[in-house]
Amino acid sequence: MKVNPITVLFLYKPFERVKQHLLSHFKDFSHVKFIIPDDTSEEHLLTLIPEADVLIYWDTSEKILRAAKKLRLYISPYTGVEHLSRKLLNIQNLPKFTLCNAHGASGLIAQQTIAMLFAICNHIVYHHNDMAKGNWIPGGEGVEEPAPSIKLTARKIGLLGYGQINQKVHHMLCGINENIHILKRSWTEKAKKSQKKVKFYNFEERDEFFQAIDILIIAAPLTKLTHQMITSRELKLLGKKGIIVNVGRADIIVEEDLFKSLQNGTIARAALDVWYRYRPEPNEKGKKYPYTYPFHELSNVLISPHRADSPFDDLERWSDIIENIKILASGGSNYKNVVDITNGY
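Throughout the sequence shown, residue numbering follows the numbering used here, covering 254 to 598 in sequence.
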């Protein structure tokens, strides 16, 4: 059977280990050619784009997209693609192609989510920093603890979003806490039957969801529905015992409302891996903070520099990307993780 040649073009330079891993999976696909340029300037990429059937990158320019006349598949090596979806919606008369994201890092992100949840419930970082300052206050009966641990088994946990990440978080929580509530845009009866112990909510039932829980784990995409959906009002519903772990997108929560709610005790604690400004300017002391309000000054917040999917050279994260390229190379089109650009995920 005659097969058409496929050219896969990277718009950035991945780790050498990743490159060799990809090439090893296509030894039997002689018609698949990988181009991984050292020079990733737009000027150079524009000389390569016309022959590309597949592009791999988390974002790109309109000029690159318009030049990709043969493009059939665009793969983002990350889960979040809302920036790319918005761009594609706003550009008219582009070549027709399918946009897919990657879920290979979902296990890593779920692990970080659980680690942050445990760390903020037990105030691990708080006590580490206190000891590092030379403050020796061992726990024990009769000791007044400045930051006591929170018993996770007694809490009501809410999952905002139920994609690959929060599904894995849910699995990791099994055996620790089964009082799980899930808020998702829509549910099928099949999905509900598969999770008998779970309480389900849609976006029209947000108030009931926030009133029912005291721990909120956010692993949802940023969409028209989720953008700034959590304000001071929702944080009040979560309550004074409320804990938030956010590995989704910062702008799901209004920044000022989150900071003030943590500062004044409207909610108890937060662990945050996603932020509001990803190109922060250095302050007068040369320090860079990816937010407007000083979250680092709060003792009830654990802050992390958007690294939930570390290590970034983990090879498992490329599994569904490899599968999608092989589907195209075999003449198929039933890709995994196809993104609906209208919804942004």
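Don't be surprised by glycine CBs; every beta carbon is placed ideally from N, CA and C.
Check	Outcome
Among the residues of its own chain, which have a CB less than 7 Å from the CB of proline 348, if the five just before and after it don't count?	Ala321, Lys322, Leu324
Determine contact between the segment 437 to 449 and the segment 372 to 387, defined as no fewer than three beta-carbon pairs at a distance below 8 Å.	no
Below 8 Å, how does it come out for the segment 476 to 488 and the segment 446 to 454: are there three or more Cβ pairs, yes or no?	no
Which ranges does the alpha helix (DSSP H) cover as unbroken runs of at least 4 residues, wholly within the segment 435 to 472, from first to last along the chain?	442 to 447, 459 to 465
Give a yes or no on whether the minimum CB-CB distance between leucine 555 and chain D is below 8 Å.	You won't find chain D in this structure, because it holds only one protein chain.
Quick check on asparagine 382: does DSSP put it in helix, strand or coil?	helix
Could you pull out every residue in the same chain whose Cβ sits closer than 7 Å to the Cβ of asparagine 596, ignoring the five residues on either side in sequence?	Thr476
Provide the residue span of the beta strand (DSSP E) that contains phenylalanine 263, from first to last.	259 to 263
Helix, strand or coil for valine 422? Go by DSSP, reduced to three states.	helix
Would you mind sorting glutamate 335 into buried or exposed? The rule is 16 or more other CB atoms within 10 Å of its CB.	buried
In whole angstroms, what separates the C-alpha of glutamate 397 from that of alanine 521?	18 Å
Quick check: what's the CA-CA separation for leucine 341 versus glycine 584?	25 Å
Residues in its own chain within less than 7 Å of lysine 421 by CB, not counting five upstream and five downstream?	Ser359, Gly360, Ala363
Pick from His297, Leu276, Glu550: whose alpha carbon is nearest that of glycine 287?	Note that residue 287 is phenylalanine in the sequence shown here, rather than glycine. Among His297, Leu276, Glu550, the Cα nearest to that of phenylalanine 287 is on Leu276.
DSSP three-state label for glycine 360, please.	helix
Indicate whether glycine 357 and isoleucine 574 have their beta-carbon atoms separated by less than 8 Å.	yes
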